[in-house]
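S.K.: In full-length UniProt numbering, the protein residues as written are 1 to 174.
1. Let me check understanding here. Comparing Cα to Cα, which of 128, 172, 124, 170 lies closest to residue 153?
2. Quick one: what's residue 30 bridged to in DSSP?
3. Quick one: what does DSSP say residue 156 is sitting in, helix, strand or coil?
4. Tell me whether residue 81 sits in a helix, a strand or coil according to DSSP, three-state version.
5. I need the DSSP call for residue 75, collapsed to helix, strand or coil.
6. Is it right to say residue 209 is buried, meaning 16 or more other beta carbons lie within 10 angstroms of its own, or is it exposed?
7. Relative to the alpha-carbon of residue 163, which residue among 110, 114, 108, 93 has its alpha-carbon at the smallest distance?
8. Note down the Cα distance separating residue 103 from residue 73, rounded to an integer number of angstroms.
9. Closest to residue 95 by C-alpha separation, out of 157, 132, 28, would be which residue?
10. According to DSSP, simplified to helix, strand and coil, what is residue 131?
11. Could you tell me whether any Cβ in chain C is nearer than 7 Å to the Cβ of residue 72?
12. Span of the beta strand (DSSP E) holding residue 107?
13. Considering only the beta carbon of each residue, do residue 76 and residue 133 sit closer than 7 Å?
14. Which residues mark the beginning and the end of the beta strand (DSSP E) in which residue 170 is found?
15. Using DSSP with H/G/I as helix, E/B as strand and the rest coil, what is residue 141?
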């Protein structure tokens, strides 16, 4: 192993004689910036590229704005369909959180269970209309990712909560 130490010392000395600290730091900085543009920093950044969900049937506004509607089985917040958005989209002036919680809701019309992704819409003060706090199959707060009483806007630039969407992802596999 003595030869490896000598080789490392020789390379380090040659590098020190031929370059300055400033040039080494500049090169290192450039490589870090280039790498950050290529590699995803956070895995939650990919959530924004997800498809908008599937639409099962036509539903009246009255039914969609009710906390008793089946697809709101695990929602905790104000329904975006009452706040200027829809069940799938955030109201103008807000942005969806890239992270969400998922519930499994039973559709009584077709007898099937569906995965529903709940995204908080962020950037405006709370809507304060159609407040729902349904907690079907919710886990205790110490199981962070299974709990719906969390400000999921924490990943956004503006972490102010406005309302929540209920996006159908697909059929639940039994």
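All C-beta atoms, glycine included, are put in the ideal place defined by N, C-alpha and C.
None of these values were measured; they are calculated from a predicted model.
M.R.: Concretely, from the data shown:
1. 124
2. According to DSSP, which records beta bridges pairwise, residue 30 is partnered with nothing at all.
3. coil
4. helix
5. coil
6. Lying outside 1 to 174, the shown extent of the chain, residue 209 is not represented and no answer is given.
7. 93
8. 7 Å
9. 157
10. strand
11. Included in the structure is just one protein chain, with no chain C present.
12. 101-107
13. yes
14. Note, residue 170: beta strand (DSSP E), 161-171.
15. With a pLDDT of 49 at residue 141, under the threshold of 50, the modelled position of that residue is not reliable, and the figure given next carries that caveat. In the three-state reduction of the DSSP assignment, residue 141 falls in the coil class, being assigned neither a helical nor a strand state.
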